[in-house]
Each structure stands twice: as structure tokens, then as C-alpha cells.
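Let me begin by presenting the structure, written as C-alpha cells, before commenting on it.
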Amino acid sequence: MNATNKSTLLDKIYPQKIYNVNGKIIKKPRNKTIFIAILVLIIFIGLLFFIPTRNITIKFEQFPVIVKKMFSPTTGKTKSWAGWFLYIKETVWPLMLETINMCFLGTLFGATMAIPFSILASRNISKKGIIYQPVRLFMNFIRTIPTYVLAVIAMICFGIGLLTGVVAMTIFTFGLLTKMLYEIIETVDMGPFESLESAGATKIEAFRYAVIPQILPIFIGYFIYAFEINVRGSVILGYVGAGGIGLELDTAISEGSHYYDRVGAIVVVIFLVVLILQGFTRYARRKLQ
Amino acid sequence: MIKFINVDKVYPNGFQALKNVNLEIYDGEFVAIIGLSGAGKSTLLRTINKMHPITRGELYVNDVDISKVKGKELRLLRRNIGMIFQSFNLVKRSSVINNVLAGRVAYHSTITSLLGTFPVEDKMIALEALDKVGILEKAFVRADQLSGGQQQRVALARALSQKPHIILADEPVASLDPITTISVMNDFKRINKEMGITIVANMHHVDLALKYATRIIGIREGKIVFDGAADTVTEEVLISIYGRSIKESEKLGHVDFDEEELEGKGSGK
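As they're listed, the protein sequences go chains A and B. Residue numbers are given in the numbering used here: position 64 of the first sequence equals residue 179, and the series is strictly consecutive. Residue numbers are given in the numbering used here: position 220 of the second sequence equals residue 995, and the series is strictly consecutive.
Spelled out as C-alpha cells, the structure:
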């Protein structure tokens, strides 16, 4: 093709590696990753200039002040450390349990809905573009709706309370898990599926026996992961009326109250719960290998 | 009986894999299909259970025109045809017995199958199939714990648990070592002889095909260029199939083994 071996500018800045094996020449192709990395870096630096810097007064000194308030019950609403712990025991913890309950139900419903939709959305199982393309489009739409908006819509329909949280989380989990699941389904070994079909099984039966055993451990891992995300997210949902711990946090932090010691208590409990969940996730994943 | 009448197979991308194939395979035969890779061996095999539908002609399996059946009727037909693959196609995370029970799925309604519980009779069929290929004691081991030869035996047991009349084998020993190859081929031969199951196998190793099969079908560029008894295959025949002499890599060659070692492998110890 290119008989003349003219050295281009590219050759000068980034020469190709050439190996001479017993008189035979073999060239290593240029690694394109480096070009993409440089391009991304340039775009990133360019974008930095778009961040407005004028009219911003940075008050970093406020950060430690608030953190200190969070853990100073004696000057706060709870009045003493005993009151602080009592607040955790009698208010935060029952609400946390409510929240966990809400998150679990939301994750469970969402994950259940994700199973049939991920099958329809996966290229290797549903095979026909006419099926998986619209399903993917629909799922993209679901994922585009911010969770906050989902919660507001659910609130309008179901009022303030745990049901609103469950509905919002179901839809969020459904969108998230469907995508994660169909991507996993597309990577499974289709050999067993073919052998099941060749033995006279229907597509659903072949999926049950050939694909599910391959994806089940990953699916359970994703389920726990989605649950964890939902527990974190429940705080934000509480703001729009999803009930549980988030609502209490909203009350504690809102204008007019600023009960930072209560905020501190709530944050500590959420942190502990997420920590326990993460430990559990890791344990479950290891067991499922 | 399997009967091809003027069968063509053209893939959606326009590639013609089979050209006017006429063929009759009788019950209880051990047929080896040989030819270069890409000649159409796999396609020919997969048209028999309609994993690849034919695009012209008629294809009868036990007097049913397979090109016309679909849905439940097709699945009942496939149930009678076991299939073995080069890469075993086991669910590696599942136990051996669950892999074998997959061969029983088509015997039950979808609802029962989806629950994943099998009647005791099915479990007995599966265990007997495992015993037949000599790895009964591996029944409750996970499939990925087994050696290649043992995995192929599990696949064979899965096919047997279908209670098939025909077993199609697509390069069944191509990813096995020479000694395991011979013991798995012996299993095929035994199943063919003792149970009278028709075996149609694609073979890469020519010498192996000639040794085990009673009939050889040579295929070249989608056409059948030879069809005859294994002992009538001459050097000229092979040249007509391959377009050249056989390379050493297309033969298994002489395998040095003692019967005891083979037996040991055979029972999966």
C-alpha cells in the first residue's frame, strides 16, 4: 500500500516500535489510548474555564464550626450526651429501621421488575432488534428521570410517607438493575443455552437452566449494591416526603431549626448502617464466588 | 432415519454452506463427517436438529420433515436428538447431576421446568446415564471441578438422559488430549453398539474417524464428495475431500496407552 517509507511528523513525536526478528521486520501498532487520554485532558482543562469564579466567597472556616456543632449536644437541642444517645435510641433508630424496610421493599420490587426487562433488552437472548431496541430506549428514559423528580411525582400520587419512598426506589432500582443485568446477560457463555435448546427446551427453560446459574451470584451482588445505594439515597428522598430518616434529617437541618447535634446523630447512624451493609456486601460476594 | 433431499443452506449473510445435499443415514449407524474447516460439517450437523434451518429441500428425521415443524413439535423432535459440542457446553457453576438433568427439561411442562425440581425417576435416569459413562461418583461435584474428558462425559450423559435415537457430535474430541480422546471415542462406540443409538459425528482427526465410524461422509465446499464405508476410504478419496494429502496435524497418530490407564480414566478416577 504505502511503499515509500516517508517519516511523518507523527513518527518523530511518537515513533513506532520496530522489531527485527531474524531479518524479518515487525512493527508494533501505536497505542491509541495515549491520544485519547491527552484529548480528554485537554477537554477537561478547557471545561475548567467555564466554572464561574467571580462572586464566590469561600468560607471554609464554616466547615469545622458546623462539624463541631454536630457533636456538641450540650449546646444543642438534645442538651446532653445522654439526651443525644436517647435521641438516637428513641427517634433515629426506629426511623432508620423504617427506612431500611422501605429501601428493602423498593430494591426488591425494582429488582423483580428488572429481570424480565433485562432479558428483553439483551441482544443475545431476545435476538430481535425490534424487541431490544425499544426496551432499551424505554429504560434509558426511566434512567434519565432524576430520582428526586421520581420522588416528587410519587409524593403527588401517594402523599407523604413510606409508600412514596418505596415507589420512587422501585423505579430507580428498576432502571439501574435492568441496565446492569442485561450487560451481564450479554457476557454469559451461550454454549449451555444452545445445548438446552438442542435438547428441546424452550427459550425460557434454556434461560432458566443455562443462563440463570451463570448470572445469579452477580445478580445477588448487584441487588445488595442497589440496596446500599438506596439506603444512602433515602436521605435525599426524605426531603421530598418519602418518610423515614430523611424526613427527620430535613426537620433537623431546615431553616429555623438548625439542630446540628441532631444532624450529627442521624449522620452517625446512617454511616454505621452503610458500613455494616458494605461489610455484608463484601462477605456475600466472596461467598458467592 | 435421517434423509436429506436436495438440501441447500444459505446463511443470511449470503454464504452458501450446503449445496444440494442428498443423504440417507440409517438407524444404528456410526457416521463420521470429515472435511476442511469451513467446508460445512457443523452446518450439516446442525440442520438435522434445526439449530440451523435449511433454506431449500427436504430433511426428514424419522419421517418428519424438519423444515416444516416448529414450536412444540420441533422441541419434541429435538428431544429425541442428543447433541455433543467441542466445548462441552456445560453450566460450569452447576453440579454434574443438574447438568445431566438439563436433558430431561423437554419432558416436562414449562411451569414444572421453571421450578427446577425433577421427579425421582428423572434423577435416576440422570444417575444411570452418568454410570453408563463411568463417572457416577462425580454426580454431586461442580462441573468446573472436572477434567476435560470428564466434562465431555457429562455432556454425553446429558445427551443420554434425553433417551435419544440419534446423537449429533460436533468435534467431540477436538479439545481433548490423545488418551482421553480414545476413551471418549470408546464411549461413543459402546453407546452406538449397546444402545443402538445412531451417531453422527464431525471429526477433525481423519484416522480416528476411519477407526471408529462405520461410514464416512466427506464434505467439501458444502457438497458431499464422498459417502461410503470407512474401509473403502483411500488416499485418493482423502485428496478429493481435502484437495491435498492429509497433514500430520489432521491425524491423532499412534497413541501409546495401556488398557488399565484408559479404564482408570474411563471411570473418572
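Glycine is no exception: its CB is placed at the ideal position from the N, C-alpha and C atoms. None of these values were measured; they are calculated from a predicted model.
- Name the chain B residues that come within less than 7 Å of Gly315/A, Cβ to Cβ? To locate residue 315/A, count along the first sequence from 1; it is residue 200. What Gly315/A touches in chain B: Arg850, Leu851, Arg853, Arg854, Ala881.
- Query: Skipping 5 residues on each side, what residues in its chain have a beta carbon closer than 6 Å to that of Ser1015/B?
  - Reply: The count along the second sequence starts at 1 and reaches residue 1015/B at position 240. Only Val1000 meet the Cβ criterion.
- Item | Within chain B, the residues that Arg238/A reaches when beta carbons sit closer than 9 Å | As a first step, residue 238/A must be located in the first sequence, where it is residue number 123. Under the 9 Å cutoff, chain B gives no residues; its nearest Cβ is about 16 Å from Arg238/A.
- Backbone secondary structure at Ile275/A - three-state DSSP: The sequence position of residue 275/A within the first sequence is 160, counting from 1. Of the three classes helix, strand and coil, the one that applies to Ile275/A here is coil, per DSSP.
- Query: Given a threshold of 16 other Cβ atoms within 10 Å of its Cβ, counted over all protein chains shown, does Val180/A qualify as buried or as exposed?
  - Reply: Taking the first sequence and counting its residues from 1, one reaches residue 180/A at position 65. Result: exposed.
- Residues bridged to Ala968/B by DSSP? In the second sequence, the residue the question calls residue 968/B occupies position 193. According to the sequence as given, residue 968/B is Lys; it is not Ala. In DSSP, Lys968/B forms no bridge with anything.
- Leu852/B, buried or exposed, once every other Cβ within 10 Å from all chains shown has been counted against 16: The sequence position of residue 852/B within the second sequence is 77, counting from 1. Result: buried.
- Rounded to whole angstroms, how far is the Cβ of Tyr987/B from the Cβ of Met960/B, which I believe are closer than 8 Å? As a first step, residue 987/B must be located in the second sequence, where it is residue number 212. As a first step, residue 960/B must be located in the second sequence, where it is residue number 185. Going by Cβ atoms, the distance from Tyr987/B to Met960/B rounds to 5 Å, so yes, they are a contact pair.
- To which residues of the same chain is Lys194/A closer than 8 Å at the C-beta, ignoring the five residues directly before and after it? Along the first sequence, one-based indexing puts residue 194/A at 79. Only Pro188 meet the Cβ criterion.
- Message: Spatial neighbours of Tyr297/A within its chain, please: C-beta separation below 6 Å, excluding the five flanking residues on both sides.
- Response: For this step, residue 297/A is matched to residue 182 along the first sequence. Hits under 6 Å: Ser233, Ala236, Ser237.
- Distance CB(Ala976/B)-CB(Phe805/B) smaller than 9 Å: For this step, residue 976/B is matched to residue 201 along the second sequence. For this step, residue 805/B is matched to residue 30 along the second sequence. Yes, these two residues count as a Cβ contact at 9 Å.
- Message: Quick check on the DSSP output: the alpha helix (DSSP H) that includes Leu849/B runs from which residue to which?
- Response: Working through the second sequence from its first residue, we reach residue 849/B at position 74. 846 to 854 is the span of the alpha helix (DSSP H), which, as asked, contains Leu849/B.
- Per DSSP, what kind of secondary structure is Met858/B in: helix, strand or coil? Reading the second sequence from its first residue, position 83 is the one you call residue 858/B. Three-state result, Met858/B: strand.
- Could you work out which residue in Ile972/B, Lys964/B, Leu902/B, Val948/B is closest to Ile941/B when comparing CA atoms only? By 1-based counting over the second sequence, the position of residue 941/B is 166. Ranking the options by Cα distance to Ile941/B, first place goes to Ile972/B.
- Query: Using the beta-carbon of each residue, which ones in chain B are nearer than 9 Å to Glu309/A?
  - Reply: By 1-based counting over the first sequence, the position of residue 309/A is 194. Here the neighbours are Met826, Met858, Phe860, Asn864.
- Residues of its chain near Gln927/B, where Cβ-Cβ distance is below 6 Å and the 5 sequence neighbours each way are ignored: Along the second sequence, read from residue 1 onward, the residue named residue 927/B stands at position 152. Excluding positions up to five away in sequence, the list reads Phe863, Val959.
- Message: Could you compute how far the alpha carbon of Phe287/A sits from the alpha carbon of Arg251/A?
- Response: Sequence index remark: in the first sequence, residue 287/A carries index 172 (1-based). Sequence index remark: in the first sequence, residue 251/A carries index 136 (1-based). Their backbone Cα atoms lie some 15 Å apart in a straight line.
- Would you identify the three-state DSSP class for Arg1019/B, choosing helix, strand or coil? Sequence index remark: in the second sequence, residue 1019/B carries index 244 (1-based). In this structure, Arg1019/B counts as coil in the three-state DSSP scheme.
- Message: If you reduce the DSSP assignment to three classes, tell me which class Gly909/B lands in.
- Response: For the purposes of this step, residue 909/B is taken as the residue at position 134 of the second sequence. Coil.
- Message: Could you compute how far the alpha carbon of Lys1044/B sits from the alpha carbon of Arg868/B?
- Response: Within the second sequence, residue 1044/B is the residue found at index 269, counting from 1. Within the second sequence, residue 868/B is the residue found at index 93, counting from 1. Note that Lys1044/B scores 37 on pLDDT, short of 50, meaning its location in the model is unreliable; the coordinates nonetheless yield the value given after this. In a straight line, the C-alpha of Lys1044/B is about 21 Å away from that of Arg868/B.
- Query: Based on Cα-Cα distance, which residue from Leu387/A, Ala380/A, Ile385/A lies nearest to Ala197/A?
  - Reply: Here residue 197/A refers to the residue found at position 82 when the first sequence is read from its first residue. Of Leu387/A, Ala380/A, Ile385/A, the residue nearest in Cα terms is Ala380/A.
- What is the residue span of the alpha helix (DSSP H) that Gly336/A lies within? As a position in the first sequence, residue 336/A is number 221, starting the count at 1. It spans 327 to 354 - the alpha helix (DSSP H) in which Gly336/A sits, taken as one unbroken run.
- Query: Quick one: is Ile319/A near chain B, going by C-beta distance under 9 Å?
  - Reply: As a position in the first sequence, residue 319/A is number 204, starting the count at 1. Judged by the 9 Å Cβ criterion, Ile319/A is in contact with chain B.
- Query: Does the Cβ of Met185/A have 16 or more other Cβ atoms within 10 Å, making it buried, or fewer, making it exposed?
  - Reply: On the first sequence, position 70 is the one that residue 185/A refers to. By the 10 Å Cβ count, Met185/A comes out buried.
- Buried or exposed: Arg347/A, going by 16 or more other Cβ atoms within 10 Å of its Cβ? If you number the first sequence from 1, residue 347/A lands on position 232. Exposed, since its Cβ has fewer than 16 Cβ neighbours within 10 Å.
- Taking Cβ-Cβ distances shorter than 9 Å, what residues in chain B pair up with Gln248/A? Within the first sequence, the letter at position 133 stands for residue 248/A. Correct list: empty, because the minimum Cβ distance to chain B is about 18 Å.
- Message: When you compare the CB positions of Val871/B and Ala914/B, do they come within less than 9 Å of one another, or not?
- Response: Against the second sequence, residue 871/B aligns to sequence position 96. Against the second sequence, residue 914/B aligns to sequence position 139. Taking 9 Å as the Cβ cut-off, Val871/B and Ala914/B qualify as a contacting pair.
- Message: For a quick check, are the C-beta atoms of Arg995/B and Ala1004/B less than 9 Å apart?
- Response: Taking the second sequence and counting its residues from 1, the one referred to as residue 995/B is at position 220. Taking the second sequence and counting its residues from 1, the one referred to as residue 1004/B is at position 229. Here Arg995/B is not near Ala1004/B, since their CB atoms are 9 Å or more apart.
- Task: Please name the residue in Ser372/A, Gln393/A, Asp376/A whose C-alpha comes closest to that of Tyr340/A.
- Result: Within the first sequence, numbered from 1, the residue matching residue 340/A stands at position 225. Nearest of Ser372/A, Gln393/A, Asp376/A to Tyr340/A, Cα basis: Gln393/A.
- What is the DSSP secondary structure of Gln937/B, counted as helix, strand or coil? Translated into the one-based positions of the second sequence, residue 937/B becomes position 162. The answer is coil: DSSP assigns Gln937/B none of H, G, I, E or B.
- Query: Under three-state DSSP, which class holds Leu865/B?
  - Reply: In the second sequence, residue 865/B corresponds to position 90, counting from 1. Note: Leu865/B maps to coil in three-state DSSP.
- Message: Using the three-state DSSP reduction, which class does Pro209/A fall into: helix, strand or coil?
- Response: Within the first sequence, the letter at position 94 stands for residue 209/A. If DSSP states are grouped into helix, strand and coil, Pro209/A belongs with the helices.
- Residues that Leu983/B contacts on chain A, provided the C-beta gap is smaller than 8 Å: The residue labelled residue 983/B in the question sits at position 208 within the second sequence. Taking a Cβ-Cβ cut-off of 8 Å, Leu983/B has no neighbours in chain A, whose nearest Cβ is about 23 Å from it.
- Item | Same chain only: Cβ atoms within 8 Å of Gly221/A, ignoring 5 sequence neighbours per side | Reading the first sequence from its first residue, position 106 is the one you call residue 221/A. So the qualifying residues of the chain are Gly280, Val281, Val282, Ala283, Met284, Thr285, Phe287, Thr288, Asn345.
- Task: Flag this pair as yes or no: are the beta carbons of Val1008/B and His980/B separated by less than 9 Å?
- Result: Residue 1008/B sits at position 233 when you count from the first residue of the second sequence. Residue 980/B sits at position 205 when you count from the first residue of the second sequence. Contact: no.
- Query: Based on the DSSP secondary-structure assignment, which residues constitute the bridge partners of Gly803/B?
  - Reply: Locating residue 803/B in the second sequence gives position 28, where the first residue counts as 1. In the DSSP output, where bridge partners are listed per residue, Gly803/B has none listed.
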